[in-house]
Amino acid sequence: MRGNHYETFLFFIVFVFLSVKMVIAQNTTIPVPVNVGVILDLDVEVDKVGLSCINMSLTDFYASHGDQYKTRLVLNTRNSKQDVIGAAAAGLDLIKNVEVKAILGPPTSMQADFVIDMGERAQVPIVSFSASSPSLNSLRSSYFFRATQNDETQAKAISAIVKAFGWREAILVYIDNQYGVGIIPYLTDALQAANARVPYRSAISPAATNDEIDEELYKLMTMQTRVFIVHMTPTFGSHFFTRIDKIGMMSPGYIWIMTDGLTDFLNSMNSSIVDSMQGVLGVKPYVPRTEELVNFQDRFKKKFIQDNPDIVDADLNVYGLWAYDAIKALAMAVEKVGTTNLSFQKPNVSKNSTDLENLGVSPVGSSLLQVLSNTSFKGLSGDFRFINGQLQPSPYQIINVNGHGTRGIGYWTAESGLVRNLNSIINITSTYSASNSSLAPIIWPGEAPSAPKGWEIPTQGKRLRIGVPDKSGFTEFVMVTKDPTINSFNVEGYSIDVFEAVVKLLSYALPFDYHPFELSNGTSAGTYNDLVYQVFLGNYDAVVGDTTIRLNRSNYVDFTLPYTESGVSMVVPVKDNKNKKAWVFLKPLTWDLWVTSFCFFIFIGFVVWVLEHRINEDFRGPPQFQAGTSFWFSFSTMVFAHKERLVSNLSRFVIVIWCFVVLILTQSYTASLTSLLTVQQLQPTITEVEELIRTGAYVGYQEGSFTSGLLVRLGFDESKLVVYNSLEEWDALFTKGSRNGGIAAAFDEVPYIKLFLAKYCSKYTTVEPTFKTDGFGFVFPRGSPLVGDVSRAILGVKEGETMKKIEDKWFGREASCPDPSTSLSSNSLGIESFLGLFLIAGAASVLALVIFLAMFLYEQWDVIVPPDSRSIKERVVQLSRNFYDRDLTSHTMRREINGQIPFDEPVVSEPSPSAYSVRMEFPGEQAGVSSEYGDQTPNDPQRPQGTTSDIELAIQNEE
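Residue numbering for the sequence shown is -25 to -1, 1 to 934, as defined by mature numbering (1 follows the signal peptide of the UniProt record, and there is no 0).
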C-alpha cells in the first residue's frame, strides 16, 4: 500500500510541475532574435574598447527593458583586420549570408566607403561611431548614419582658435594615409575662412623612421610659420611628439594644436609622452560628466580587463561612449519596427552573377531608416539624435596640456564661438565670439609669458635675401656702389633708408642681406617686373626699392602699404609771359560777380539816400546833386574814402554791414589778382594731353617704367616716345625740344617728379591730369606674415619726423621752388563764393527800408487819411512831396536851420501838411512861410530871415 501511495504522490508532484510550466510558457513571449552585424578592427585597442561598450550597452538595455521588448539584437562580429578589403568582405558576408538588418561600423572612413554602398543596395542601415571623414557625405546615402562628430565641425573649432589669436598662417602636419588625408581639405577651407593660409603641408609616412621624422621637423624649423596643426593616430602621434620635444621644437614661439584623434587619448598615454607635450592645445568633443557616466566608467574598467586579460589598463574614450549609445539607438529602432517578415528578398539573377548582384534586399530597411532618423534620447555621450543622418553637433572642449595631464581652457560651439564656460551660452541670442579673451589663461610651449605671434625668422635658417634694383639713373632712391678691389658693394638711397627705419620699428629682429639684381657682368638683370617675379620664384625673400605697386605684380606677390606719394603726372617747361594783357585786371572776378557787385553799389547808394535825404543836408540839393552824392558815397566805401556824415541809425547799420562785404570783396580781389599775375609769369607751354597727341609731339618716360604702357593706352604713337634714364638726360631732352630730337613733355611718377623739380624748379612745372597709382611699396611673397607688420611700421615712420628727415636728405629743395604736387590754376572768383555776403547785405538794406517806410507812413498818417475829401492823386502828390522835402521835426534839421537854436530847445509841433506848407531859406536868402492860402506874413526886415520866430508867426497866423 505504501508503494502505491508513494507512486501516486510522485505522479502528483510531476503533474503539478508540468502544469505550472505550461502556464508560465503560455504567459511568456520568447524574444525574436534580430541579426545585427558589427565590423571592427579587433586587433586595435580602441575597437576592443568599442566592442566592450557595445556588449555592455545591450546587457544594460535589455536588463531594464527585457520584459517589455519582443526583440533581441544578436551581434555578429567580424574583424576587418585594419584592411579595406577585409571590411568589404565582412560587410558582404554579413549582408548576404547572415542577412543582418543593420551593421555597426566599420571603424575607419576608408573602410566605411565601400560598405556604405553595399548597405544602400541591400537597404541595410550602416551606423558608424568612428568614421568621421566629411568625404562620406558625398556618397549621399540615406542608409548611412554617422554616430560620431563630423571632422568638418572640429576643423571650424580649430580655425576659431587660429583666428582668435590673429595667426595668419598654419602648417598642417598629418599622417600620410586615409585617416590623415581625409580632414585636410576641410581644415584648409576652415583656415582660409578665418583669413589664415596654409603655406605648407607636412605628410609623414606611417612607416617613417626617427631619422625621417627628424628630417621633416628640421625642415619645419627653417620656415617662418610657427603654428602647427597635428592630425595623427594616437600611437603614431605620441611618438611624433617625443621627437618634437627632443629636437627643441617645444620652445617659446611654437604653437602646436592637436585634433581630437590625439586629444581624446591623452589620458591613456604614458606620463613621459605627456611631459613632452607641455603647452600643446587640443580640441575634443565635449561629454557632460554625469553620475551615470561615472558609474559606467567604473564598471567598464572591470569588464574590459576581465574580457582582455592581456591589457593591463584601458581608459574609456568618447568613441566607446558613441558605440554604447549607437547600439542602444539601434535596439530601440528594431523594437519599433517589429518582427514581421525579416527574411531578405532575393533578386532574380543568373547563375553566373557576382556576389554583389546576389545581394538580397532587407524588407524592414526603409522602416528601420525612418525610425532611426526619429530616435533621440539622453545617452552617455550627451544628447543623442540624428539630423540628416549626422549625429547632433555637440560643443568642442579646448584643452591645454599642463603638468601631468590636461586642463580645460574653454569651449567652442557653432552658435556662440569661443566661450569660457557653457553656462554662459544658455541664452541662444548671444553673439558669436572670436576673441581669445573668452579662453582661460594658456600655458604655452616653453612657458612663454604671452601668446606667440605665430611666426619667426628662423635662426637656424638663412637670412632674408632682399633684392634691390641696380640702375645707373635716379640713384637717389637706390644706389649700388661697388668696390671691385675687395669684391664688395654698398647699398644706399631714399628707399633703403625708409626700409631700414621701418625695420627698426619692428618688435623683433629681422636679419637680412641686400642682393643687387644684376648679371655676372655687373649690368641690370631686367626690368622691375622681372625683379618682382624673382620673389614669386623664391630667389628673393623680398624686394626693396622704388617699386611701384601694380595690379599685374600683385598677382604674384604681396605689397606693403605705400611709403611715397602716388600718381603719374605730366611735366612741361614753363614760359615767362611778360606781356600782360590790357584787361588782365578784370580776370580775378567773373562777369556775373562784377555785375552783381556794381548793382549792389547802386542799390546801397539808393538805400542811403532814402534813409538820409530828409534829415541830412549832405544829401540835399538839386536832384542830380543828390544822386551823385549818394552814388559817390556808395562807391567810395570800396576804398573806405567816404566823407559824408550819416545821421540815421538805419543807414549806419546798413553801411557797417556793407563795409564788411566790401572789405572781403576787395581783399579777395587783391589776392586773386596777385596770384593771377604771378602764375602768368610762369605759364606752362602745354596744358592738355590731347594737344600733344594732336600735334604729334615727342614725350618722354623713364626707362623700365610702366608709364610707357599708360602712354600707349592714352593714344600716343610708340614712335613718339623717348626714353630717359637720369635727371640730367631728362633736362637735356627738354632743352632740345620736340622739333630737335628732344621732348615737349614727360610723364613720370610723383616721387621722380619731386626729385626732378627740386633741381630744376625754375624751368618746369606739372599740369593736370594726374593718373592714379598706388606709389612705391616693399615686395614680399604672397601670404608673408611680414607684410602686416612692415605696413604698420611704415605708418609709424610716415607719421613721425623720420620720414621728413629722410626726404630732406635725398630730396632737399630750395625755398623758392613751388610745390610740384600743386598744379597751376588761375580760376576767377565767382559769385558763389560771395553769395552769402550779398544776401546778408541785401537783407539788412531791405530791413532798414521797411523800418523807414513804416515810420514815414506813420508820421504822414494825416496825409494818407486826411480829414477833408481830397482825391487819391492829391494825397499821393502830397505824400511824395513830403518824402522829398526835409523833415523839419528832425533834430538834425532843426540845428541846421539856424545856429542860434539851442540843441535842447523844445520842438515845435508841425501842423498838418494839408493845412499849409513851409518853405525855408538858408541865411543870405529870403525866407518866408507860405500856405495854400498864400503868404500870410510879409518879410520883416527887422527880424532875421529864416528864423524860428518866422515859423512860429506863420503857425500862429494860420491858427
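Cβ atoms here follow ideal geometry from the backbone N, Cα and C, with glycine treated the same way. Computed from a prediction, not measured in an experiment: that's the story for all the values here.
For W430, the number of other beta carbons within 10 angstroms of its own is at least 16, and it is reported as buried.
Annotated as distal: I632 and T612, with beta-carbon spacing of 8 Å or more. Between the stretch 682 to 701 and the stretch 588 to 604, the count of Cβ pairs shorter than 8 Å is below three; the stretches do not touch.
By the beta-carbon neighbour count (other beta carbons within 10 angstroms, threshold 16), M830 is exposed. As a beta-bridge residue in DSSP terms, H490 pairs with G442. At a Cβ-Cβ threshold of 8 Å, P370 and R201 do not count as neighbours. Three or more beta-carbon pairs drawn from the stretch 230 to 242 and the stretch 250 to 262 are found closer than 8 Å, and the two stretches are therefore classed as touching.
Counting only residues of its own chain and dropping the five nearest sequence neighbours on each side, N152 has a CB closer than 6 Å to the CB of P181. Residue burial annotation: Q372 is buried, with at least 16 other C-beta atoms found within 10 angstroms of its C-beta. Within the DSSP bridge table, the entry for I232 names I204 and L256 as partners. Scanning the stretch 23 to 71 for uninterrupted alpha helix (DSSP H) segments of 4 residues or longer gives 59 to 68, listed from N- to C-terminal end.
In the three-state DSSP reduction, E144 falls in the strand class (E or B).
In the three-state scheme derived from DSSP, where H, G and I count as helix and E and B as strand, W419 is classed as coil.
About 13 Å separates the Cβ atoms of S113 and A87, ruling out a contact at the 8 Å cut-off. Taking all protein chains shown into account, N245 has fewer than 16 neighbouring C-beta atoms within 10 Å of its C-beta and is therefore exposed. Beta-bridge annotation (DSSP): N377 is paired with G380.
Here M225 carries a coil assignment [DSSP, helix/strand/coil]. When only Cα atoms are considered, V765 and G775 end up about 15 Å apart. CA-to-CA, the gap between Y118 and A63 works out to about 16 Å.
CA-CA distance, L480 to G771, rounds to 8 Å. A direct Cα-to-Cα measurement between F722 and E693 gives close to 14 Å.
The beta-carbon separation of V339 and K76, rounded to 6 Å, stays under the 8 Å limit for a contact.
CA-CA distance, S413 to S529, rounds to 36 Å. With 16 or more other Cβ atoms from the protein chains shown falling within 10 Å of its own Cβ, E587 counts as buried.
Under the three-state reduction of DSSP, M778 is assigned to helix.
The beta carbons of Y503 and P444 sit closer together than 8 Å. The alpha helix (DSSP H) runs lying completely inside the stretch 690 to 725 and spanning 4 residues or more are 702 to 711, given in chain order. At least 8 Å separates the beta-carbon of D837 from that of R589.
Contact between F215 and M224 does not hold, since the beta-carbon distance rounds to 11 Å and is not under 8 Å.
For I781, the closest C-alpha among the options E467, S865 and F635 is that of E467. For V394, same chain residues with a beta-carbon under 8 Å away, outside a window of 5 residues either side, are G385, Y386, W387, T388, I400, S408 and S413 in chain order. Along the length of the stretch 254 to 306, whole beta strand (DSSP E) runs at least 3 residues long occupy 256 to 260, reported in chain order. In the same chain as F628, and ignoring 5 residues on each side of it, the C-beta atoms closer than 7 Å to its own belong to A819 and A823, in chain order.
Between the stretch 693 to 711 and the stretch 490 to 508, the count of Cβ pairs shorter than 8 Å is below three; the stretches do not touch. Cβ-Cβ separation between V762 and F755: approximately 5 Å, consistent with a contact (criterion under 8 Å). DSSP, read as helix, strand or coil, puts Y175 in coil.
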